[in-house]
Amino acid sequence: MEAELAALAASGATTLVGLMVSETWAQARDRVARFFARGGDENSVGEELQLSRQELMAARAARDEFAGSDIEAVWRTRLRRVLLADPEAAEELRSVLAELDPDARNDPAVSVHNSISGGVQNGPVFQGQHFSGLTFGGSGAVPPEQGAGAV
Numbered sequence: 080m081e082a083e084l085a086a087l088a089a090s091g092a093t094t095l096v097g098l099m100v101s102e103t104w105a106q107a108r109d110r111v112a113r114f115f116a117r118g119g120d121e122n123s124v125g126e127e128l129q130l131s132r133q134e135l136m137a138a139r140a141a142r143d144e145f146a147g148s149d150i151e152a153v154w155r156t157r158l159r160r161v162l163l164a165d166p167e168a169a170e171e172l173r174s175v176l177a178e179l180d181p182d183a184r185n186d187p188a189v190s191v192h193n194s195i196s197g198g199v200q201n202g203p204v205f206q207g208q209h210f211s212g213l214t215f216g217g218s219g220a221v222p223p224e225q226g227a228g229a230v
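Plus 79 on top of the position in the sequence shown (first one is 1) and you've got the working numbering.
The structure is reproduced here in structure tokens:
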């Protein structure tokens with residue numbers, strides 16, 4: 080059961096950090112603050128969430144790839160503690176995620192077809208549905224052994 084709660088906390092933290100950089104953050108923040116406060120001080124939790132968002136936005140502007148992971152880890156730990164302290168919170172968190180996660184509202188049965196043709200591909204190829212924040216540092220140069228006329 081603890082592995083299930085850990086997975087739910089991880090999913091929740093990933094969704095939370097994703098929402099922090101979305102247009103729907105204001106509504107999401109209020110809903111998440113109510114979940115964490117659980118009858119306590121929503122304003123305090125709301126301020127913590129807002130601070131995390133500001134840190135995340137500053138890190139993105141500075142191209143700090145690790146800050147997002149750090150912020151996500153903090154909220155994953157907090158979610159896990161809430162779930163361990165109150166087993167009924169798991170169902171509430173699932174409900175919150177279903178409300179706030181845009182992917183949860185989409186039809187999960189999506190068919191993806193990708194084709195790669197035309198010879199040798201000298202770069203990464205990804206197959207999937209949703210990608211964000213990908214950065215590649217390749218020079219674009221073709222290795223000599225794979226250049227034009229190579230056998």
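Think of the CB as a built atom: it goes at the ideal place given N, C-alpha and C, for glycine as much as any other residue.
Check: Taking the alpha-carbon positions, what's the A138 to A107 distance?; Outcome: 21 angstroms
Check: Please work out which residues of its chain come closer than 8 angstroms, Cβ to Cβ, to D165, disregarding the five sequence neighbours upstream and downstream, and give them in chain order.; Outcome: R117
Check: Helix, strand or coil: which one does DSSP assign to R117?; Outcome: coil
Check: R160 to V199, Cα distance in whole Å?; Outcome: 49 angstroms
Check: Which runs of the beta strand (DSSP E) at least 3 residues long sit entirely within the segment 105-155? Give them in chain order.; Outcome: none
Check: Whose C-alpha, out of G97, A105, V100 and A112, is nearest the C-alpha of L172?; Outcome: A112
Check: Within the continuous alpha helix (DSSP H) that includes S101, where are the two ends?; Outcome: S101 -> no alpha helix (DSSP H), and no H or E assigned at all.
Check: Under the three-state reduction of DSSP, which class applies to S174: helix, strand or coil?; Outcome: helix
Check: What number of angstroms, rounded off, separates the C-alpha of W104 from the C-alpha of L98?; Outcome: 6 angstroms
Check: Mapping the DSSP letters down to three states, classify A89 as helix, strand or coil.; Outcome: helix
Check: So what's V161 in DSSP terms, helix, strand or just coil?; Outcome: helix
Check: Just verifying my parser: in three-state terms, what is the DSSP assignment at E167?; Outcome: coil
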